[in-house]
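Chemist: Sequence lines, in order, name chains A and B. The first sequence: position 18 = 18 (the working numbering), numbered continuously. The second sequence: position 120 = 1120 (the working numbering), numbered continuously. Each residue gets a CB set at the ideal place from its N, CA and C atoms; glycine is no exception. Structure provided below as structure tokens; questions to follow.
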Amino acid sequence: MKIKIITMLLILIGLITHGQAAEKKPILTLMTHDSFAVGKDVLAQFEQQQGVTLKIIKSGDAGAALNQAILSKANPLADVFFGVDNTFMSRALKADIFSAYASPHLARIPDELKLDPGNRLLPVSYGDVCLNYERQWFADKGIRPPHDLDDLLKPAYKSLTVVQNPATSSPGMAFLLATVGRFGEDGFLEYWKKLRNNDVYISPGWSDAYYGQFTRAKGGTRPIVVSYASSPPAEVYYSETKVDDAPTAAVLAPQTAFRQIEFVGILKGTRQQELAAKLVDFMLDTRFQQDIPLHMWVFPADSTIQLPDVFIKYTRKAENPVMLTPEAIEAGRERWLEAWTEIVLR
Amino acid sequence: MAGSMDGDCITVKQPSRYLLIIPPLIFMGLFYFYPLASILSLSFTPQDGTSFKGLEKLFSSAYYARVLWFTTWQATLSTVLTLVLAMPAAFVFSRYTFKGKDLVLSLTTIPFVLPTVVTAAAFSALLGRGGLVNTVLMQLFGLEQPIIRLEHSVWFFLMAHVFYNFTVVLRIVGGFWARLPRQVFDAARMLGASGRVIFFKVTLPLLAPAILAASLLVFVFCFTSFGVVLILGGPRLATVEVEIYRQAVHLFNLPVAAALSLVQILFTFGLMTAYTRLERRTSIALLPEAAPKSTPLAKRPKDRLVIYTCLGTMAVFLGAPILALFIRSILTETGVGLTYYLALFENRAQSILYVAPATAILNSLGFALAATLIALTLGCLSSAFLAGAKNRPAVLLDPILMLPLSTSAVTLGFGFVVALDEPPLNLRSSWLLPAIAHALVALPFVIRSVLPAWRSIPQSLREAATMLGASPRRAWFAVDWPILSRALMVGAVFAFAISMGEFGASVFVARPQTPTLPLAIYRFLSHPGSLNYGQAMAMSCLLMLTTAAGFGLLEKLKPASGNF
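Okay, here's the thing in structure tokens:
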């Protein structure tokens, strides 16, 4: 009996490890963060066209993945890295882990997304971090939904908002940057002081805020949350029953959202420079770009791409979002975080 | 699974005894000290781009002292609370048999595998401002405001710590308790000692090694607590572990992160050294019962009351959150149904990231089995060595083997990336690395489960067996094995659970497409939409079920006698 079970276990381990062996085609490795997603057939198309096997390795959140890429600089883990955003861009460029590549597809991408003139990091997608609110809650209470950051300070909005801690969450950091851009280095702390007085709730991460404190969650009590412009369409797409209208809406007024741009780059030290460039081309090309909205829930960098219906119907891009240069962000990050922690948490 | 242990190992002479510890030391050297040393030396080597400006703040600012104090304080309090709540249960489980005991025991270990986000969700659903208890109370008494306001308080995450660690005390202390020879108590009673006197003068001293072992594990576990404190405790409370993550990931301030990791390691090392001394002093060799004789559920109302009170308390602390999760996985917007479970099987967007539940289960089981095998083999060898170790350097090895448990997951994860990049150790994106990372954390649990049992076997018993003509191998299987096998089971259960829950540095290990159950849960929880949330709950229930099934399988491997 015991021997049988042990044999079964060994066979099971064997089965699991089996998939690792027996691959003759060249392997191209893409390193990325946990939120990366893409259609099966899309990747299969690339593999077929180029006659390669694409291996995707993930290493934690955006910050953790980038740091591991930097740490393994001497002996890179992968050929291509996707997922450096504009808040971490300066760190990535300073570490000098990417080599320049001017993809022909860059022509279709708006200039304001191309933050690296040296083309070491090429924009693939972007998302607008902004306030989301539950529409029904505001309709029931007869309160006007927020349409600007200043609304959150009003007495009627006391105890209604949940935001993420910028020290532990990437949307939290983006929202902090939105306030820095909007109110300036001198004014953003004043804003947060007032927000604190209006009983803002600080959650460590997006999941806990959205699925714990936001009123859409069972037991949640706050109808305003920091999330993405794409969250309302995602609510529709991932609803249990067919719904005609989104239960939530995003606040996209000028200077209320922060635009997070995600970049791809070829890692220095790759032995497959040409193939790596092909993958970058592919990620900027129509097929992949079309696939972005419904898989990663952000906007494709190529502005000529037609968005899926659920996006067109239930959201827009933020108007005139806050943009800070990567250099300003890198220079200010620690100082702003410390000041924020001092004001909001102590 | 313990076949790697040679039967002669107990009677071997000192020099060859050192052979036992070589494999564990090689493992620790390659997968713990080498990565750790690599990341620490890299962090402290000045490079363009990194600066040491943060370092002096570490010592000059009162902030870090406060963080260290808070970390220690909450870990101590968590340990005491867990002991207070779990000791009565350990008593009941070691003393009585009753229907469904095995099942209840399995259930107590389930919390161990739950991702912190899920646990936090369960606690909020129960006790949060808009949670079940508050809603019921508000309706009952017609209140305007919720009465229970635990959110962002120390008590909220302390409860979660008890929820996670209850099983550690129950299994380690309870298992040891069940094997204490009854004659000792009978003798004490015959000499006229009262129940209280027996407990404090006989039982407690005899239990001390197991209580100490369990307390240490709970303490270190809570000391490095991360997600629970963050979510339930609120942003104002930070442990050293949280601070390391913040410095390493968000600020990329490696010198400060490395210094904090060192502080964490040295602090716990000091504690463990003190502990191992104490443990050796408290352990008393006596004739443990190979097959514990627990009394069947007595008809006496007093006994029943004790059992029901104990089970009732456990139902509230451990059962309610698990039940809440289960209810949420079947309570859809249109009533009770299996919508979420069915959705798990359909790949809507044809994403490469879609994980079929069966794949996730197989991956999780594969990692867990590999990790359990590694941890058990090395744990047995280490315990065999430590049980007879007498000289100083040998004694020092015990706390060293415990170190991975107290080391920051980020630090070690980054260490893997830096160190394991050259053949033959090019393991950075190998499927083996997560299993190794789990085994590192599981090893201390195996050692702490096995060592007290091993030390409790009196040498005289083995000598008697040998004198009666038994070969060393035979003596080992007749004397040691029956006692050890149960302790090994406890260790195996913990190793399995740690791996199923993806505990430790494996979170930061780069890995190809081998999604496990916890990773699938995190993926669902990272997008809006009620279906995603529902599927996360359903996947959590699958995780719990798979774990319970795994425990069942492990139980099957256990020798027939005994029921702890």
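Terminal residues of the continuous beta strand (DSSP E) containing A/Thr161?
Modeler: Counted from its first residue, the first sequence places residue 161 of chain A at position 161. A/Thr161 -> beta strand (DSSP E) spans Thr161 to Gln164.
Chemist: With 16 other CB atoms within 10 Å as the buried threshold, where does A/Lys218 fall?
Modeler: Counting from one through the first sequence, the residue named residue 218 of chain A turns up at place 218. Buried is the call here.
Chemist: Does the Cβ of A/Ile312 have 16 or more other Cβ atoms within 10 Å, making it buried, or fewer, making it exposed?
Modeler: Position 312 of the first sequence holds residue 312 of chain A. Exposed.
Chemist: Is it the case that the Cβ atoms of A/Leu275 and A/Pro26 are separated by a distance below 8 Å?
Modeler: In the first sequence, residue 275 of chain A corresponds to position 275, counting from 1. In the first sequence, residue 26 of chain A corresponds to position 26, counting from 1. Cβ distance < 8 Å, so A/Leu275 and A/Pro26 count as in contact.
Chemist: Once the 5 residues before and after B/Ser1506 are set aside, which same chain residues still bring their CB inside 7 Å of it?
Modeler: Within the second sequence, numbered from 1, the residue matching residue 1506 of chain B stands at position 506. Excluding residues within five positions, the ones whose Cβ falls inside 7 Å are Pro1434, Ala1437 and His1438.
Chemist: Do B/Ser1499 and B/Leu1114 have their CB atoms nearer than 8 Å?
Modeler: For the purposes of this step, residue 1499 of chain B is taken as residue 499 along the second sequence, with counting starting at 1. For the purposes of this step, residue 1114 of chain B is taken as residue 114 along the second sequence, with counting starting at 1. Their beta carbons are not under 8 Å apart, which means B/Ser1499 does not touch B/Leu1114 by this criterion.
Chemist: Do we get a CB-CB distance below 8 Å when we pair A/Asn67 with the residues of chain B?
Modeler: Counting from 1 along the first sequence, the entry for residue 67 of chain A is found at position 67. Yes, contact with chain B.
Chemist: Unbroken beta strand (DSSP E) runs of length 3 or more, entirely within the segment 188 to 255 of chain A: which are they?
Modeler: 201 to 203, 224 to 228 and 248 to 250
Chemist: My output table needs one value for A/Ser99: the three-state DSSP class, helix, strand or coil.
Modeler: Along the first sequence, one-based indexing puts residue 99 of chain A at 99. DSSP places A/Ser99 in strand when its eight states are reduced to three.
Chemist: Whole-angstrom Cβ separation of A/Leu284 and A/Ser103, contact assumed at under 8 Å?
Modeler: Locating residue 284 of chain A in the first sequence gives position 284, where the first residue counts as 1. Locating residue 103 of chain A in the first sequence gives position 103, where the first residue counts as 1. With 8 Å as the limit, A/Leu284 and A/Ser103 qualify as a contact, their Cβ atoms being about 5 Å apart.
Chemist: Chain B beta carbons: is any one of them nearer than 8 Å to that of A/Tyr191?
Modeler: The residue given as residue 191 of chain A occupies position 191 in the first sequence. No, no contact with chain B.
Chemist: A/Val344 to B/Pro1023, Cα distance in whole Å?
Modeler: Reading the first sequence from its first residue, position 344 is the one you call residue 344 of chain A. Reading the second sequence from its first residue, position 23 is the one you call residue 1023 of chain B. If I take the Cα positions, the gap works out to 51 Å.
Chemist: What are the residues that DSSP puts in a beta bridge with A/Ile56?
Modeler: Here residue 56 of chain A refers to the residue found at position 56 when the first sequence is read from its first residue. Bridge partners of A/Ile56: A/Leu30.
Chemist: Taking the C-alpha atoms as reference points, what is the distance between B/Gly1413 and B/Leu1204?
Modeler: Translated into the one-based positions of the second sequence, residue 1413 of chain B becomes position 413. Translated into the one-based positions of the second sequence, residue 1204 of chain B becomes position 204. Whole-angstrom Cα-Cα distance: 40 Å.
Chemist: What first and last residue would you give for the alpha helix (DSSP H) that runs through B/Ser1106?
Modeler: For the purposes of this step, residue 1106 of chain B is identified with residue 106 of the second sequence, where counting begins at 1. Under the DSSP assignment, B/Ser1106 falls in the alpha helix (DSSP H) whose first and last residues are Lys1101 to Thr1109.
Chemist: Evaluate B/Ala1089 with the Cβ neighbour count: other Cβ atoms within 10 Å of its Cβ, from every protein chain shown; 16 or more gives buried, anything less gives exposed.
Modeler: Taking the second sequence and counting its residues from 1, one reaches residue 1089 of chain B at position 89. Looking at its Cβ environment, which holds 16 or more other Cβ atoms inside 10 Å, B/Ala1089 is buried.
Chemist: My guess is that B/Leu1461 and B/Val1479 are in contact by the Cβ rule of under 8 Å, so how many angstroms apart are they, rounded?
Modeler: Taking the first residue of the second sequence as position 1, residue 1461 of chain B is located at position 461. Taking the first residue of the second sequence as position 1, residue 1479 of chain B is located at position 479. Between B/Val1479 and B/Leu1461 the Cβ distance is about 5 Å, and since that is below 8 Å, they are a contact.
Chemist: Within 10 angstroms of the Cβ of A/Glu262, are there 16 or more other Cβ atoms? Answer buried if so, exposed if not.
Modeler: Mapped onto the first sequence, residue 262 of chain A falls at position 262. Its Cβ being crowded by 16 or more others within 10 Å, A/Glu262 is buried.
Chemist: Note down, in chain order, each residue of its chain lying with its Cβ closer than 7 Å to the Cβ of A/Lys211, except the 5 sequence neighbours on either side.
Modeler: Counted from its first residue, the first sequence places residue 211 of chain A at position 211. It is worth fixing the name first, because residue 211 of chain A is Tyr in this sequence and not Lys. Taking C-beta separations shorter than 7 Å and ignoring five residues to either side along the sequence, the partners of A/Tyr211 in its chain run Ala217, following chain order.
Chemist: Under 9 Å Cβ-Cβ, which residues of chain B neighbour A/Glu240?
Modeler: Locating residue 240 of chain A in the first sequence gives position 240, counting from the first residue. The contacting residues are Thr1332, Glu1333, Thr1334, Thr1339, Tyr1340, Ala1343, Gly1529, Ser1530, Leu1531 and Gly1534.
Chemist: Can the beta-carbon of A/Met31 be found closer than 8 Å to that of A/Ser59?
Modeler: The residue labelled residue 31 of chain A in the question sits at position 31 within the first sequence. The residue labelled residue 59 of chain A in the question sits at position 59 within the first sequence. Yes, the Cβ-Cβ distance between A/Met31 and A/Ser59 is below 8 Å.
Chemist: Need the endpoints of the alpha helix (DSSP H) that B/Asn1253 sits in, please.
Modeler: As a position in the second sequence, residue 1253 of chain B is number 253, starting the count at 1. Segment: none, B/Asn1253 is in no alpha helix (DSSP H) and carries neither H nor E.
Chemist: With a threshold of 16 other CB atoms inside 10 Å of the CB of A/Glu330, please say whether the residue is buried or exposed.
Modeler: Start at 1 with the first residue of the first sequence, and residue 330 of chain A comes out as number 330. Label assigned to A/Glu330: buried.
Chemist: Can you grab the Cα-Cα spacing for the pair A/Ala21 / B/Ser1430, in whole Å?
Modeler: Position 21 of the first sequence, counted from the first residue, corresponds to residue 21 of chain A. Position 430 of the second sequence, counted from the first residue, corresponds to residue 1430 of chain B. Residue placement at A/Ala21 is poorly supported in this model, since its pLDDT is 46, which falls under 50; the coordinates still yield a value, given next. A/Ala21 and B/Ser1430: Cα-Cα distance of roughly 12 Å.
Chemist: Anyone know if the C-beta pair for B/Glu1555 and B/Asp1186 falls short of 8 Å?
Modeler: Residue 1555 of chain B sits at position 555 when you count from the first residue of the second sequence. Residue 1186 of chain B sits at position 186 when you count from the first residue of the second sequence. No, these two residues do not count as a Cβ contact at 8 Å.
Chemist: Assign B/Asn1363 to one of three DSSP states: helix, strand, or coil.
Modeler: In the second sequence, counting from the first residue as 1, residue 1363 of chain B sits at position 363. Note: B/Asn1363 maps to helix in three-state DSSP.
Chemist: Use the C-beta contact count for B/Ser1060: other C-beta atoms within 10 angstroms, 16 or more gives buried, fewer gives exposed.
Modeler: Taking the second sequence and counting its residues from 1, the one referred to as residue 1060 of chain B is at position 60. Exposed.
Chemist: At a CB distance below 7 Å, what residues from the segment 285 to 299 of chain A approach chain B? Give them in sequence order.
Modeler: Leu294, His295 and Trp297
Chemist: For A/Lys24, tell me which candidate among A/Leu252, A/Leu43, A/Gly51 and A/His33 has the shortest Cα-Cα distance.
Modeler: As a position in the first sequence, residue 24 of chain A is number 24, starting the count at 1. Taking each of A/Leu252, A/Leu43, A/Gly51 and A/His33 in turn and checking the Cα distance to A/Lys24, the smallest one comes out for A/Gly51.
Chemist: If you draw a straight line from the C-alpha of B/His1527 to the C-alpha of A/Thr215, how long is it?
Modeler: Translated into positions along the second sequence, residue 1527 of chain B becomes position 527. Translated into positions along the first sequence, residue 215 of chain A becomes position 215. Those two C-alpha atoms are separated by around 16 Å.
Chemist: Please name the residue or residues paired with A/Gln260 in a DSSP beta bridge.
Modeler: Here residue 260 of chain A is taken as the residue at index 260 of the first sequence, counted from 1. DSSP lists A/Gly127 as the bridge partner or partners of A/Gln260.
Chemist: List, from N- to C-terminal side, the alpha helix (DSSP H) runs of 4 residues or more that fit wholly inside the segment 1444 to 1531 of chain B.
Modeler: 1459 to 1467, 1472 to 1475, 1481 to 1500 and 1517 to 1524
Chemist: Tell me, please, whether the CB atom of A/Asp116 is closer than 8 Å to any CB atom in chain B?
Modeler: In the first sequence, counting from the first residue as 1, residue 116 of chain A sits at position 116. No - not a single Cβ of chain B is within 8 Å of the one on A/Asp116.
Chemist: For B/Asp1303, report the span of its alpha helix (DSSP H) as first-last.
Modeler: Taking the second sequence and counting its residues from 1, one reaches residue 1303 of chain B at position 303. Here the alpha helix (DSSP H) through B/Asp1303 covers Pro1301 to Met1314.
Chemist: Which residue wins for smallest C-alpha separation from A/Leu77, given the options B/Gln1145, B/Phe1156, B/Leu1420 and B/Ala1442?
Modeler: Stepping through the first sequence from its first residue, residue 77 of chain A is reached at position 77. The candidate whose alpha carbon is nearest that of A/Leu77 is B/Leu1420.
Chemist: From B/Leu1150 to B/Leu1338, what does the alpha carbon distance come to, in whole angstroms?
Modeler: For the purposes of this step, residue 1150 of chain B is identified with residue 150 of the second sequence, where counting begins at 1. For the purposes of this step, residue 1338 of chain B is identified with residue 338 of the second sequence, where counting begins at 1. Approximately 32 Å, taken between the alpha carbons.
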